[in-house]
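Residue numbers (this note's numbering): 82 to 320. Just so you know, even glycine gets a beta-carbon here, dropped at the ideal spot from N, CA and C. Working notes for the structure below.
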Amino acid sequence: MNRSLFVANWKMQFSFHQAASFIKTNIGRLSALAQLPDVEIVLCPTFTDLYAAALLVQDTKVMIGAQDVSRFESGAHTGQVSALSLAEIGCTYALVGHAESRRLLQESCADITQKCERLFAQGIIPIICVDQETLEEQLASITRLLIQVDPELPYAIAFEPAGAIGTGNVPDKDYLQTVFKQLEELCSQNPQPFSLLYGGSVRPENARELLAIKQLIGLLIGGASLDIANLEAIVTQYR
Ligand code: PGA
82 MNRSLFVANW
92 KMQFSFHQAA
102 SFIKTNIGRL
112 SALAQLPDVE
122 IVLCPTFTDL
132 YAAALLVQDT
142 KVMIGAQDVS
152 RFESGAHTGQ
162 VSALSLAEIG
172 CTYALVGHAE
182 SRRLLQESCA
192 DITQKCERLF
202 AQGIIPIICV
212 DQETLEEQLA
222 SITRLLIQVD
232 PELPYAIAFE
242 PAGAIGTGNV
252 PDKDYLQTVF
262 KQLEELCSQN
272 PQPFSLLYGG
282 SVRPENAREL
292 LAIKQLIGLL
302 IGGASLDIAN
312 LEAIVTQYR
């Protein structure tokens, strides 16, 4: 795929007002990034902030993504948010299986696959987060779902190595190249278009080297995405 995807995972770092104010203050700069040729910018605030964020970016090419979704379609599931609601408020993407929520919610690969199923049904692109430990099992689980869904529905895989999230430690390039080659081989067995992302301590200083990995089309950015100058410095290093 000839595009570069930059996903800002804001986690629970901003409050509602902080997220809205970040977008309002920086809307011109965010919009300019999203207008770079073949660049996609996705902001992932918390559930409560999504709708306001979607309204604030509506006249730009900036997209909105959720940080999670319920694995249930609808019904008596207190505290859950459905894929339908995410679609209705304008989410284009949703993260699933992020290491932080996987740990907290004790999610299995099957749970995460079910979330993907809900997202596909609503036309939302899942960004499935995996690490060294979950990569093969999660890919096998997703493949069982992909056999049954429309071959044109895109998905993304974000490889976030354990130990890289929020630590400043990024694995060496040779190791990442091997992993992304393996991911590409596994994903190519399915007909659906896929995008491979790297996540974990992405910074302006390491973005260029990461983006040089052949199979990679983008980055999942946590801490560094909370600062507009850092986000710009990362995005403008795309090939
Ligand atoms: P980080 O977070 O960039 O702060 O390491 C990435 C993530 O958890 O998605």
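Quick check: is any heavy atom of the ligand PGA less than 7 Å from the C-beta of Ser282? In the sequence shown, the residue the question calls residue 282 occupies position 201. Answer for Ser282: yes, Cβ within range of the ligand PGA.
Considering just the uninterrupted stretch of the beta strand (DSSP E) at Glu322, what are its terminal residues? Because the chain is modelled from 82 through 320, residue 322 falls outside the range shown and cannot be assessed.
Would you call Phe103 buried or exposed, if buried means 16 or more other Cβ atoms sit within 10 Å of its Cβ? Here residue 103 corresponds to residue number 22 of the sequence shown, with the count starting at 1. By the 10 Å Cβ count, Phe103 comes out buried.
Residue(s) in a DSSP beta bridge with Met144: Start at 1 with the first residue of the sequence shown, and residue 144 comes out as number 63. BP columns for Met144 point to Val123.
When you compare each of Ser166, Gln195, Val143 to Ala113 by their alpha carbons, which one comes out closest? Reading the sequence shown from its first residue, position 32 is the one you call residue 113. For the residues Ser166, Gln195, Val143, the minimum Cα distance to Ala113 belongs to Val143.
What is the DSSP secondary structure of Ile228, reduced to helix, strand or coil? Here residue 228 refers to the residue found at position 147 of the sequence shown. In this structure, Ile228 counts as coil in the three-state DSSP scheme.
Taking the beta carbon of Asp308 as the centre, do at least 16 other beta carbons fall within 10 Å, making it buried, or is it exposed? Within the sequence shown, the letter at position 227 stands for residue 308. With fewer than 16 other Cβ atoms within 10 Å, it is exposed.
Is the number of C-beta pairs between the stretch 220 to 231 and the stretch 248 to 261 that are closer than 8 Å three or more? The way I'd put it, the stretch 220 to 231 doesn't touch the stretch 248 to 261; fewer than three beta-carbon pairs between them come closer than 8 Å.
Please confirm whether any heavy atom of the ligand PGA lies closer than 7 Å to the CB of Ala175. Mapped onto the sequence shown, residue 175 falls at position 94. Ala175 Cβ: outside cutoff for every heavy atom of the ligand PGA.
For Leu137, which residues in the same chain have their Cβ closer than 6 Å to its Cβ, ignoring the five residues on either side in sequence? For the purposes of this step, residue 137 is taken as residue 56 along the sequence shown, with counting starting at 1. The beta carbon of Leu137 is closer than 6 Å to those of Ile104 in its chain, skipping five residues each way along the sequence.
For Ala305 versus Leu312, is the C-beta spacing smaller than 8 Å? Taking the first residue of the sequence shown as position 1, residue 305 is located at position 224. Taking the first residue of the sequence shown as position 1, residue 312 is located at position 231. Result yes, Cβ atoms of Ala305 and Leu312 sit closer than 8 Å.
Within 10 angstroms of its Cβ, does Lys295 collect 16 or more other Cβ (buried), or is it exposed? If you number the sequence shown from 1, residue 295 lands on position 214. Classification for Lys295: exposed.
Is Pro235 helix, strand or coil when you go by DSSP? Position 154 of the sequence shown, counting from 1, holds the residue named residue 235. The three-state reading of DSSP puts Pro235 in coil, since its state is none of H, G, I, E or B.
Taking only heavy atoms of the ligand PGA into account, decide whether any of them is closer than 7 Å to the Cβ of Ala305. In the sequence shown, the residue the question calls residue 305 occupies position 224. Checking every heavy atom of the ligand PGA against the Cβ of Ala305, one is found closer than 7 Å.
On a Cα-Cα basis, can you pick out the residue from Glu286, Leu292, Leu165 that is closest to Ala362? This structure cannot speak to residue 362, because the chain is shown only from 82 to 320.
Put Cys210 into one of helix, strand or coil per three-state DSSP. Along the sequence shown, read from residue 1 onward, the residue named residue 210 stands at position 129. Note: Cys210 maps to strand in three-state DSSP.
Return helix, strand or coil for Arg275, following the three-state DSSP convention. Here residue 275 refers to the residue found at position 194 of the sequence shown. Sequence check: residue 275 is Phe here, not Arg. In the structure shown, the three-state DSSP call for Phe275 is strand.
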